[in-house]
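The block underneath contains the structure these notes are about, expressed in structure tokens.
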Amino acid sequence: ELEDGLDEAFSRLAESRTNP
Amino acid sequence: GSVGMPMGAYSPPKSIWLPAMKAKGLEISGTFARRAGVIQMEMTLTNKAMSIMTDFAIQFNRNSFGLAPAGPLQVLTPVGPNQSIEVALPLSTVGPVMKMEPLTNLQVAVKNNIDVFYFSSQYPISMLFVEDGKMERQVFLATWKDIPNDNEAQFQIKDCHLNSDAASSKLQGSNVFTIAKRTVEGQDMLYQSMKLTNGIWVLAELRVQAGNPNYTVST
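Note that the protein sequences, when read in sequence, are chains A and B. Just so it is clear: in the first sequence, position 19 is 35 by the numbering used here, and no numbers are missing. Just so it is clear: in the second sequence, position 158 is 185 by the numbering used here, and no numbers are missing.
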């Protein structure tokens, strides 16, 4: 679960950096 | 523009640090390398004078990251006129510290039987990237959030013809570790960490767009 959460967090980070 | 080995750490080509005309015939060219975790100053000493040179020694001024010779300069035989010798000087990072401008500037004094000579050189900061610089993913995310926006600097890297996986594996050879990769709107976003010899962590984001030779790096 932690790993899934981290995977998602990185996706959100990349998304927010592309479309701030 | 690297001449480093494909999977090894980047090391710049040797350049002339001390021209013979400024050092009574002693020419020093050199570079820095990190080999198996050891920082080295790799030098070619050339005697362009008419008499032999002996009794070599080296000293550094205090510098930003405490670089210091880990032992004496090993020139075991006299250097005759028109002769060159190669020397590798291992460096430690526990010497005296003083912030330099630019940060990676190193002031060096070399003596021989003729005189003492001074020169400055700049080392690539990647010499200071340690082998255990891969940050835990959870720590990376938390740290990234904690860093104030003003601490972020952005750079363009021009004319880089590698895809993001090739760039990532090349960087890993210099202890720049990719922790996560995401593709958003055709752009690869690589999240990377490195740790300096003084324990300071650096976080980076590398953006690579397919077909675009210009990368954007934010640190």
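For glycine and all other residues, C-beta sits at the position ideal for the given N, C-alpha and C.
query	result
Going along the segment 200-223 of chain B in order, which residues come within less than 7 angstroms of chain A, judged by CB to CB distance?	Ala207, Arg209, Val211, Glu212, Gln214, Met216 and Tyr218
Which word fits B/Lys172, buried or exposed, when buried means at least 16 other C-beta atoms lie within 10 angstroms of its C-beta?	exposed
Measuring alpha carbon to alpha carbon, tell me which residue in B/Gly93, B/Trp44, B/Ile43 and B/Met48 is nearest B/Leu223.	B/Gly93
By how many angstroms is the C-alpha of B/Leu103 removed from the C-alpha of B/Ile79?	13 angstroms
Alpha carbon to alpha carbon, what distance is there between B/Thr170 and B/Ile184?	25 angstroms
Runs of 3 residues minimum, wholly inside the segment 168-230 of chain B: which ones carry the beta strand (DSSP E) assignment?	181-184, 204-211 and 214-222
Output needed in chain order: residues of the segment 167-186 of chain B with a Cβ under 8 angstroms from some Cβ in chain A.	Leu168 and Trp171
Out of B/Ile174, B/Ser148 and B/Asn225, which one is the CA nearest neighbour of B/Ala231?	B/Ile174
Please classify A/Glu17: does DSSP put it in a helix, a strand, or coil?	coil
With a cut-off of 8 angstroms, do at least 3 Cβ pairs link the segment 58-72 of chain B to the segment 145-162 of chain B?	yes
Can you give the Cα-Cα distance for B/Ser38 and B/Ser201, rounded to whole angstroms?	9 angstroms
So B/Thr58 is in the beta strand (DSSP E); what residue range does that whole segment cover?	Leu53 to Arg62
Bridge partners of B/Pro117, per DSSP?	B/Gln67
Against A/Glu31, what residues of chain B qualify as contacts under a CB-to-CB distance less than 7 angstroms, listed in chain order?	Val211
On the DSSP bridge assignment, give the partners of B/Asn74 in chain order.	B/Leu53
Which class does B/Met162 belong to by DSSP, given the choice of helix, strand or coil?	coil
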